[in-house]
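In our numbering, the protein residues as written are 1 to 329.
Taking it in order: structure first as structure tokens, then the write-up.
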Ligand code: TXA
Ligand code: MG
């Protein structure tokens with residue numbers, strides 16, 4: 001892989017957009033903000049650039065990438081939309097939704113990015129910086145979250161810098177992201193399937209479909225088989241500290257990730273306390289999740305104790321990420 005690269009950091013703006021487009025066209029790697037998390041972009045048609053991207057992240061190449069485009073016309077050159085997929089696209093794009101669709105016959109996305117599948121994941125991000133870069137570049141950009149594989153996803157440019165500095169060409173700093181968890185992934189299969197809960201709630205998608213979303217088969221969560229959403233490995237989003245879920249108390253030396261009113265026994269002896277949302281707002285909690293996990297982990301606590309979070313709205317995505325952070329590695 002490319003190492004020892006001089007990673008340029010530019011504030012978002014017209015100059016950064018033009019530089020990003022030039023670096024992408026030359027086969028380079030560019031981190032940029034989307035409304036969900038920061039992405040690490042490469043030209044979707046350039047297999048060599050995509051190989052560098054997998055190497056820079058330390059990501060297994062069997063785990064396919066999401067193709068990002070600026071508008072529906074570009075999306076339809078990549079994936080085959082049925083009426084249901086169009087309804088979801090019209091309701092939620094641009095936004096925190098990824099659709100997995102059959103590839104078109106002349107799909108411009110390199111096979112390496114789709115890990116040899118005959119489906120492709122597509123998203124139109126809403127973030128103005130992502131939109132500007134996609135328009136300046138002109139083609140599709142594959143972009144996983146801009147972190148070392150297995151780490152917590154980045155919600156500010158400094159997270160990207162600490163994981164990937166020296167391994168990528170450019171970071172465009174657009175400030176903190178809004179949503180804070182990755183996009184919701186829906187597989188447009190015979191039954192519409194929730195492949196990954198994320199920044200768009202299940203409830204809102206089901207309201208448009210007027211049908212429940214199926215759950216992926218249980219193998220999709222396992223580490224060893226070829227999973228349905230191959231990135232959904234059991235252990236992921238891993239801080240260095242152990243993570244203890246559904247905490248009702250705090251052991252000495254533990255850090256506490258709180259939610260809502262936090263009056264737990266032992267809290268006065270906590271190594272640190274951060275509250276995802278003192279008022280119990282799940283959208284606010286999602287926006288704070290990855291940054292707070294990184295900040296608590298930096299204090300090297302004995303473990304990170306996490307209070308229970310309701311399984312509704314964005315709570316489904318938050319709990320999914322926390323279960324992976326807590327999974328044995
Ligand atoms: O919010 C997001 O989705 C961010 C921003 C940067 O757009 N991106 C992101 O990408 O989270 P990544 O690579 O960290 O996660 C992409 C997920 C993986 O779990 C991958 O397995 C799944 O999408 N995926 C990609 N193509 C697929 C396909 N054809 N079928 C099923 N799952 C697919
Ligand atoms: Mg990721």
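Glycine included, C-beta positions come from ideal geometry on N, C-alpha and C.
The C-beta separation of residue 280 from residue 260 comes to about 4 Å, placing the pair in contact by the 8 Å criterion.
Separation of residue 201 and residue 11 (C-alpha to C-alpha, rounded to the nearest whole angstrom) is 31 Å. The segment 143-151 and the segment 49-65 touch, with three or more beta-carbon pairs separated by less than 8 Å. Remark: C-beta atoms of residue 159 and residue 35 do not approach each other more closely than 7 Å.
The three-state secondary structure of residue 79, taken from DSSP, is strand. Taking all protein chains in view, the Cβ of residue 254 is crowded by 16 or more other Cβ atoms within 10 Å, so the residue is classified as buried.
Under the DSSP assignment, residue 187 falls outside any alpha helix (DSSP H), being part of the beta strand (DSSP E) whose first and last residues are 184-188. When only Cα atoms are considered, residue 32 and residue 252 end up about 39 Å apart. Along the length of the segment 2-73, whole beta strand (DSSP E) runs at least 3 residues long occupy 8-11, 30-33, 38-43 and 66-68, reported in chain order.
Boundaries around residue 102 are those of the beta strand (DSSP E), 97-102, since no alpha helix (DSSP H) includes it.
The beta carbon of residue 144 sits closer than 6 Å to at least one heavy atom of the ligand MG. With contacts defined by Cβ atoms closer than 7 Å, residue 320 and residue 216 do not form a contacting pair.
A direct Cα-Cα distance of roughly 7 Å separates residue 84 from residue 209. Here the alpha carbons of residue 171 and residue 240 stand approximately 25 Å from one another. For the set 13, 317 and 41, the Cα lying nearest the Cα of residue 174 is the one of 13. For residue 288, the enclosing alpha helix (DSSP H) stretches over residues 282-297. Going by DSSP, residue 200 is part of no alpha helix (DSSP H) at all; its letter is neither H nor E. With a cut-off of 6 Å, the C-beta of residue 193 is classified as distant from the ligand TXA, since no heavy atom of the ligand falls inside that distance.
Going by C-alpha positions, residue 187 is about 13 Å away from residue 206.
Take residue 301, set aside five residues on each side of it, and the residues of its chain with a beta-carbon closer than 7 Å to its own are 241, 253, 254, 255, 271 and 272, in chain order. Looking at the backbone, the Cα of residue 154 and that of residue 325 are separated by about 15 Å. In the DSSP annotation of this structure, residue 152 is not part of any beta strand (DSSP E), being labelled neither H nor E. C-alpha of residue 307 to C-alpha of residue 80: approximately 42 Å in a straight line.
Taking 7 Å as the cut-off, the Cβ atoms of residue 44 and residue 109 count as close. Within its own chain, the residues whose Cβ lies closer than 7 Å to the Cβ of residue 19, once the five positions on either side in sequence are excluded, are 10 and 170, listed in chain order. Per DSSP, the continuous beta strand (DSSP E) segment holding residue 244 begins and ends at 242-244. For residue 268, the closest of 137, 250, 276 and 157 by C-alpha to C-alpha distance is 250. When 132, 124, 103 and 125 are compared, the shortest CA-CA separation from residue 118 is found for 103. A straight line joining the alpha-carbon of residue 120 with that of residue 264 spans about 45 Å.
Cβ contact annotation for residue 82 (same chain, cutoff 7 Å, sequence separation greater than five): 188, in chain order.
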